[in-house]
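What follows is a short report on a single structure.
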């Protein structure tokens, strides 16, 4: 008897250009009450990386312009410099397998 392949449900993804997340957090929470999304892909977030928190999700924010006056890099990849607000963020449900992959460029 052959094994029947087990179907794995596709992740549910919300992609949203929120045009500044802080004033629209209640709208995001309302959306999350209506649908159970596995991944949230948000653009124009404009929040500091350390302020990107949603219960039940792990958040990843994009690199952004630097807050150090002598640095002109955009995006700034120097970890010792204070970061500016993230432009994009990805939130992944904690129950999904995931790994952060750091990419470096020669720029």
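In UniProt numbering, the protein residues as written are 1 to 107. For glycine and all other residues, C-beta sits at the position ideal for the given N, C-alpha and C. This structure is a prediction, so every number in the text was calculated from the model and none was measured.
Nearest-angstrom Cβ-Cβ length linking residue i and residue j, presumed shorter than 8 Å
i	j	result
residue 13	residue 58	Incorrect: roughly 15 Å between the Cβ atoms, too far for contact.
residue 28	residue 18	7 Å
residue 11	residue 39	5 Å
Exposure of residue i, with buried meaning 16 or more beta-carbon neighbours within 10 Å
i	result
residue 45	buried
residue 61	buried
residue 71	exposed
residue 89	buried
residue 69	exposed
residue 85	buried
residue 22	exposed
residue 64	buried
residue 34	exposed
Boundaries (first-last residue) of the alpha helix (DSSP H) holding residue i
i	result
residue 34	25–34
Continuous beta strand (DSSP E) stretch holding residue i: start and end
i	result
residue 44	39–47
residue 15	13–17
residue 89	86–93
residue 58	57–61
Chain D within 8 Å of residue i, Cβ atoms only
i	result
residue 59	Among the chains in the structure shown there is no chain D, since it carries only a single protein chain.
Spatial distance of residue i from residue j (CA atoms)
i	j	result
residue 97	residue 103	19 Å
residue 4	residue 56	32 Å
residue 76	residue 6	44 Å
residue 81	residue 66	7 Å
residue 165	residue 73	Coverage of the chain is limited to positions 1 through 107, which leaves residue 165 absent and any answer about it impossible.
residue 16	residue 78	28 Å
residue 94	residue 54	10 Å
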